[in-house]
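This report concerns only the one structure given below.
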Amino acid sequence: MPKDAVPLLHVEHMSMRFGGLVAVDDLSFIASEGEITALIGPNGAGKTTVFNCITGFYKPTSGRMALVGGGAGADEVAAVTQSGRRYVRETNGKSVFLLERMPDFQIAAEAKVARTFQNIRLFAGMTVLENLIVAQHNALMAASGFTIYGLFGVRSYRSAEARAVQLAKYWLDKAGLMNRADDPAGDLPYGAQRRLEIVRAMCTGPRLLCLDEPAAGLNPRESADLNALLRLISREHSTSILLIEHDMSVVMEISDHVIVLEYGIKISDGSPEDVRKDPRVIAAYLGVEDEEIEVAEQVVAELIR
Amino acid sequence: MTSIDHLVTTGRGQTKFVEGKLGTAVREGVKFAALMFCLSIPILLLRIDSDIDHKPFLQLRWTWPLLAAAIGFLVRFGGLALASTGTKISSKINWHIPPSLSRYFATAGLVFLVLYPLLMLALVGRAGSIKWIDNFGIQVMIYVMLGWGLNIVVGLAGLLDLGYVAFYAVGAYSYALLSTVVIPLYVPWLSPWAFWVCLPMAGLLAGVWGILLGLPVLRLRGDYLAIVTLAFGEIIRLVLINWTDVTKGYAGISGIPRPSFFGLPFTAADNGFAARFGLEFTPLHRTIFLFYVILALALLTNWVSMRLRRLPVGRAWEALREDEIACRSLGINTTNTKLTAFAIGASFAGMAGSFFAARQNFISPESFTFNESAVILAAVVLGGMGSQLGVAIAAFAMVGGTEILRELDWLKAIFGNNFDPTQYRMLIFGFGMVALMIWKPRGLIGTREPSLFIAEKKSISGDLVKEGHG
Ligand SMILES: Nc1ncnc2c1ncn2[C@@H]1O[C@H](COP(=O)(O)OP(=O)(O)O)[C@@H](O)[C@H]1O
Ligand SMILES: [Mg+2]
């Protein structure tokens, strides 16, 4: 993490228990604005659970997750925590969202955290375009005067809808899906469904985009398309990315900051280079005993190159 | 020469092949017939009748199980024989009605409905047409409207509501109580307009009840939602039965004012509709007027739901049916979205209910049993969830079909005087449903029309469209 990075999401001492199982244990990390932060670890390490907590689908057993903006710092976060409110948006642009207090849809709508799912969740029976329009629901709902203006086809609503279609077209173009716009989403090939899910999330105008294993099951070509799309999102839009990924080459290539989980515990945190050299990471990935770590390190170094 | 030889051999080979299959078909057919025979003995063989002194006596009807066995044989044998000749009975019929065709069909249907009362007058004359316009036309249109209303909840939002009739009852009783008690007591000058004032109020009240029920219930999903809505339907009916001070219980409410022609009553009096327009008085005027009122209400329901489907709220309903979790990840407040579907669906039921009360002039809890919910839901499911035309056709077939069965008196000439075609209603429905579920599991019109498009509007196959899960 470069020194000048501005923190966006503070995860502090987050734990998640399912009955006796501790899926995430006292996890703390920071995701910075404009960066791609990767969350890696073996299967069952608790990565998806972290996502579900951040996006409000699970309530963490303990811990704080603060999404900040406009230069809000520790003082503001502490003040909101004290006040008992879910979030505060001040007129000077400073904002603090305590995600653990907010329901899932509010996290997406107010804190502007969007996500994709490990097993793709598209609106399969709706067209690709409709998927992207549904993603702009809140903006369009307000423009349709909560349906009342819309019912009578008021011009301001029609122009809002036209703008929504423009935004959808922009993302269709970026995802290479323009010629499939009027096809049902369920008919797309797997790689295209992945990209559609990502651009659908982008249509909500997120500050933080959480991607759960976006490259899983993609062929090399689709994987390259995906990397290009992610780079574009990260460079040309002020969207930070939190990424769960298994494919080490993808992680090393595009991420700015890597966090490694094993059995719910953070075992490493740093730049891709640092993490790659971390003996504990190597041990976790190869499942070796501590004394064998050095051997493993060499093996991995060769594998990665 | 060789080619003829070739033909002969293959020809012979094929016959042999078919013979082998036919043998199996006969054997299977006999087995099936025996099974049918055994099964039908306890059901069809014994019949208890009473003689002239009302003493019961047992009758053995051997022809019935034999008939069942014969039918069993024919079905099994026929099916196998057909299969052996290579006739493939497709497991699903994949006709997609092209959107242009269904548009023509819808337009033709609309023209027919607008002309329907006049057509009936011309065909069967004044005396005969009351029955056709009222018992048939109005009855069918009420169910079409209810089907369209429920389609918002079940077809678009994917919420399985088994208690839809409750909102129909709320609407009917709202109008009945407002028009017989509240208006005469407090605002008597409003009486000529009672129906027109109460219609939106009934819709509003039913909508409020939809929200009241929805608030606690819509956290539930799938089967649980279905059960609770079913219970809600029963609770409303039981309240109507037992709260005798207000609802008069089983006795029902009578003397409910009929709708006026925008203030002009349909009476023979001087200020009545007929006198004002210089027509000869006939009760037919009211019947025809009622038909157009329910037609307009049904079309309003259709217009609103088609319109809503193209608005954010309607797209959110459909997205909810497709994947609720994805909806929440996009910032859609799913509770509110479900509530709007529930409330809007309920308010149309409420309006239909107030029309029903006004047309019947009398209502009692008997009109609001679970059976009504089941018929409306069946129309939605059989028609193809989400398809307006399909639901209308299904409602027409189910409700109109019953009425048409009553007309099939000539069948008595064939089956004897005791034959009552309406008794076979449920049997025919059952066969129809089974057939539809085998060949068109997504309903008559299972395709979905996208709500907007960039280049080309393509229908979406029903296989991709989800049914929702509550
Ligand atoms: N809803 C749940 N109920 C019970 N256990 C769960 C639930 N979700 C995840 N887990 C458990 O938490 C652990 C971490 O799972 P997950 O976060 O999916 O891992 P990853 O995404 O890193 O593969 C697993 O042992 C999993 O079985
Ligand atoms: Mg996972």
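Going down the list, the protein sequences come from chains B and R. All residue numbers for the first sequence refer to my numbering, where the first residue is 772 and numbers rise by one. All residue numbers for the second sequence refer to my numbering, where the first residue is 11 and numbers rise by one. Even for Gly, the Cβ is constructed at its ideal location relative to N, Cα and C. Keep in mind it's a predicted model, so treat the numbers as computed, not measured.
task = For chain B, find out if any of its Cβ atoms is closer than 8 Å to the Cβ of R:S461; answer yes or no.
result = yes
inquiry  = Spatial neighbours of B:I778 within its chain, please: C-beta separation below 6 Å, excluding the five flanking residues on both sides.
reply    = According to the sequence as given, residue 778 of chain B is Pro; it is not Ile. The residues are I801, S803.
message = Please return the same chain residues whose Cβ sits closer than 8 Å to the Cβ of R:F429, not counting the five positions on each side in sequence.
response = L421, K422
ask   = How about R:A351: is its C-beta nearer than 8 Å to some C-beta of chain B?
value = no
query = B:D944 and R:E466 look like a contact to me (Cβ under 8 Å); what is the Cβ gap, rounded to whole Å?
reply = Not quite, the Cβ-Cβ distance comes to about 18 Å (not below 8 Å), so this is no contact.
message = Can you tell me whether B:D958 is helix, strand or coil according to DSSP?
response = Helix.
request  = Please check the pair B:R966 and B:L1000, which I expect to be a contact at CB under 8 Å, by giving their CB distance rounded to whole angstroms.
outcome  = 6 Å
request  = Please list the segments of the beta strand (DSSP E) lying wholly inside the segment 932-1014 of chain B, counting only runs of 3 or more residues, in order along the chain.
outcome  = 979-983
query = Any heavy atom of ligand 2 within a distance shorter than 7 Å of the CB on B:D1040?
reply = no
Exposure label - R:F441; buried when at least 16 CB within 10 Å = exposed
ask   = Of the residues that make up the segment 948-962 of chain B, which ones have a beta carbon closer than 9 Å to any beta carbon in chain R?
value = M949, N950, A952, D953, D954, P955, A956, G957, D958
inquiry  = Using beta carbons (cut-off 8 Å, strictly below), is R:K467 in contact with chain B?
reply    = yes
task = Kindly indicate the opening and closing residues of the beta strand (DSSP E) around R:P66.
result = 66-70
task = Could you spell out the range, first to last residue, of the alpha helix (DSSP H) harbouring B:E1033?
result = Run containing B:E1033: none in the alpha helix (DSSP H); it sits in the beta strand (DSSP E), 1028-1033.
inquiry  = According to DSSP, B:K1037 sits in a beta bridge with which residue or residues?
reply    = B:L1032
request  = Could you tell me the distance, in whole angstroms, from the CA atom of R:L156 to the CA atom of R:A91?
outcome  = 44 Å
request  = Could you say if the segment 76-88 of chain R and the segment 115-126 of chain R meet the contact criterion of at least three C-beta pairs nearer than 8 Å?
outcome  = no
request  = Measuring only between beta-carbons, confirm whether R:P322 sits less than 8 Å from chain B.
outcome  = yes
inquiry  = Could you tell me the alpha carbon to alpha carbon distance between R:R22 and R:V385, rounded to whole angstroms?
reply    = The pLDDT assigned to R:R22 is 44, lower than 50, so where the model puts this residue is not dependable; a value taken from the coordinates is nonetheless given after this. Each residue's alpha carbon lies about 54 Å from the other.
key: Cβ-heavy atom distance, B:G815 to ligand 1, below 7 Å   = Result yes, Cβ under 7 Å from ligand 1.
ask   = What separation, rounded to the nearest whole angstrom, lies between the Cα atoms of R:L250 and R:G363?
value = 14 Å
6 Å CB neighbourhood of R:F358 in its chain, flanking five on each side removed = G159, T311
ask   = What residues of chain R sit near B:L922, judged by a beta carbon separation below 8 Å?
value = V314, R317, L318, L321
message = On the criterion of 16 or more Cβ atoms from any shown chain inside 10 Å, does R:I62 qualify as buried, or is it exposed?
response = By the C-beta density criterion, R:I62 is exposed, having fewer than 16 other C-beta atoms within 10 angstroms.
key: Whole-angstrom distance between R:K468 and B:S915, CA atom to CA atom   = Each residue's alpha carbon lies about 26 Å from the other.
task = Quick one: give me the first and last residue of the alpha helix (DSSP H) that R:F439 is part of.
result = 435-449
ask   = How many angstroms separate the CA atom of R:V444 from the CA atom of R:I438?
value = 10 Å
request  = Over the uninterrupted beta strand (DSSP E) stretch that includes B:V859, give me the two end residues.
outcome  = It spans 858-860 - the beta strand (DSSP E) in which B:V859 sits, taken as one unbroken run.
key: Close-in-space but distant-in-sequence residues of the same chain around R:I414 (CB under 7 Å, 5 per side omitted)   = Nothing meets the Cβ criterion.
inquiry  = With three or more beta-carbon pairs closer than 8 Å as the criterion, would you say the segment 162-181 of chain R touches the segment 382-397 of chain R?
reply    = yes
R:G82 CB to nearest heavy atom of ligand 1 below 7 Å = no
inquiry  = I'd like the span of the beta strand (DSSP E) that includes B:P778, first residue to last.
reply    = Following the DSSP letters along the chain, one finds B:P778 inside the beta strand (DSSP E) bounded by residues 778-789.
inquiry  = DSSP three-state label for R:S60, please.
reply    = Strand at R:S60.
key: Beta carbon nearer than 7 Å to a non-hydrogen atom of ligand 2   = B:K818, B:T819, B:Q889, B:D983, B:E984, B:I1015
query = Using a Cβ-Cβ distance under 8 Å, would R:V475 count as near chain B?
reply = yes
request  = Classify R:Q398 as buried or exposed, calling it buried when 16 or more other Cβ atoms lie within 10 Å of its own Cβ.
outcome  = buried
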